[in-house]
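Student: Just so you know, the sequence shown maps onto residues 1 to 293 in the numbering used here.
Starting off with a structure, shown below.
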Amino acid sequence: MRTISDIPRATLDGFRSLIQRTIETASAEVEAERALGKELTNDPVAVMLVRPTPSPLAHPPNKDQEDFILYRDDRRIQSMRFTTGQNNYIDARNAWKAYGPIQKQLEALDWTEEEIYHVMMDIFPLGHHVYGVLTLLFHHTTDRGEGHVLMNIRGDKLAGTNVGYASFPGGLVKPGEDLETACIEELNQEGAKGEFYIFDGFTMGVHNAAPSITFMRAGLTTTDDIDLEASYDWLGKTTIWVPEGAVRSAIFKGDNTGLVTAFRDHELLVKSDLAIAPDAILPAKGLFEQFVF
């Protein structure tokens, strides 16, 4: 397997110069975003130095959008912790815009995906991915009525993508956290108070158009007295309980009618074409397909 030492010095210097210019331009754009009211903080985020090996249940990569890989019942992967102190969110986001052009140059030289991944870890000053987690959280009523799933509308205060789309509770994985801890922290922040059971197995999304890898876990509330009519606001995101049937219809049939109705019933002004965010819908589908609740 080729390594960074196989790249000519002039080419490598060109890559590093491109990264530096990109960071300078992107840093100015961050200040403009902050002026518009976005909450952009350069907090430490997790770095994973070694990618887990896909399981035989993996979804095939979708090169046109994102690559979503399913992992299931592998406790070695479930318990892995992410290394600390090597990445900060805004720094990684600023450098990311140089990733695509460099990747294309290496692909043109017939470098493999694995070779490119390891070279990027050496070229980029802070690593080239930040790690986030989403939770597909279910609540099933004791009288065996229809289950509900916790969802939100992505607001414009945060730095994330797909503002205005429906999504699920989530956020960045902090250094030293495991995925289950990160899930529970995000659920508590976004209104899901109580006790949760987080299932083994997760989907992993590698985003071709953003500096992030998103893990998605499935969870189940073990608290009975949940107010299904309540809504919760956190940093511009409004979270509600949506009937499970409406979520399934949106994911598997592309029918978002029930989704729109659920949010409007909570007096949220959503558009009639409201849809689940592209970076959330595919891993959610994988969890629905592989896990039975």
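We put the beta carbon where it would ideally sit given N, CA and C, even for glycine.
Check for me: the alpha helix (DSSP H) holding Gly245 runs from which residue to which?
Tutor: 244 to 248
Student: Give the C-beta separation of Lys253 and Ile153 to the nearest angstrom, bearing in mind that I take them to be a contact with Cβ-Cβ under 8 Å.
Tutor: Going by Cβ atoms, the distance from Lys253 to Ile153 rounds to 21 Å, so no, they are not a contact pair.
Student: Touching or not, the segment 227 to 243 and the segment 262 to 273, by the rule of three or more beta carbon pairs under 8 Å?
Tutor: Under the 8 Å Cβ criterion, the segment 227 to 243 counts as touching the segment 262 to 273, having at least three qualifying pairs.
Student: Is the distance from the Cβ of Asn162 to the Cβ of Asp279 below 8 Å?
Tutor: yes
Student: Which word fits Thr214, buried or exposed, when buried means at least 16 other C-beta atoms lie within 10 angstroms of its C-beta?
Tutor: Buried: at least 16 other Cβ atoms inside 10 Å.
Student: Using a Cβ-based criterion (distance less than 7 Å to any ligand heavy atom), does Leu172 qualify as near the ligand FAD?
Tutor: Absent from the structure shown: the ligand FAD. Ligands present: none.
Student: Put Ser17 into one of helix, strand or coil per three-state DSSP.
Tutor: helix
Student: Let's see if you can read the secondary structure: which residues bound the beta strand (DSSP E) around His148?
Tutor: 148 to 153
Student: Below 7 Å CB to CB, which residues in the same chain sit around Phe202 once its five sequence neighbours on both sides are set aside?
Tutor: Short of 7 Å from the beta carbon of Phe202, and not among the five residues preceding or following it, lie these beta carbons of its own chain, in chain order: Tyr71, Leu179, Phe215, Met216, Arg217.
Student: Please go through the segment 173 to 246 and give each complete beta strand (DSSP E) segment of 3 or more residues, from N-terminal end onward.
Tutor: Inside the segment 173 to 246, DSSP marks whole beta strand (DSSP E) runs of 3 or more residues at positions 196 to 207, 212 to 221, 231 to 234, 237 to 243, from first to last along the chain.
Student: Decide if the segment 110 to 122 is in contact with the segment 166 to 177; the criterion is three or more beta carbon pairs, one per stretch, under 8 Å apart.
Tutor: no
Student: Quick check on the burial criterion: 16 or more other C-beta atoms within 10 angstroms. Buried or exposed for Thr3?
Tutor: Exposed, since its Cβ has fewer than 16 Cβ neighbours within 10 Å.
Student: Rounded to whole angstroms, how far is the Cβ of Gly170 from the Cβ of Thr223, which I believe are closer than 8 Å?
Tutor: With 8 Å as the limit, Gly170 and Thr223 do not qualify as a contact, their Cβ atoms being about 20 Å apart.
Student: Please classify Asp73: is it buried, with 16 or more other beta-carbons within 10 angstroms of its beta-carbon, or exposed?
Tutor: Any reading at Asp73 needs caution, since the residue's pLDDT is 42, under 50, leaving its predicted position unreliable; the model's value is listed next. Exposed, because fewer than 16 other Cβ atoms sit within 10 Å of the Cβ of Asp73.
Student: For Val242, which residues from the same chain have a beta carbon less than 7 Å from its beta carbon, with the 5 sequence-adjacent residues on both sides left out?
Tutor: His148, Val149, Met151, Leu259, Ala262
Student: For the alpha helix (DSSP H) that Arg264 lies in, which residues bound it at each end?
Tutor: 257 to 265
Student: Starting from Asp122, trace the alpha helix (DSSP H) in both directions and tell me its first and last residue.
Tutor: 113 to 123
Student: Could you round the C-beta distance between Leu172 and Val45 to whole angstroms and report it? I think they count as a contact, below 8 Å.
Tutor: The beta-carbon separation of Leu172 and Val45, rounded to 5 Å, stays under the 8 Å limit for a contact.
Student: On the three-state DSSP scale, how would you describe Ala166?
Tutor: strand
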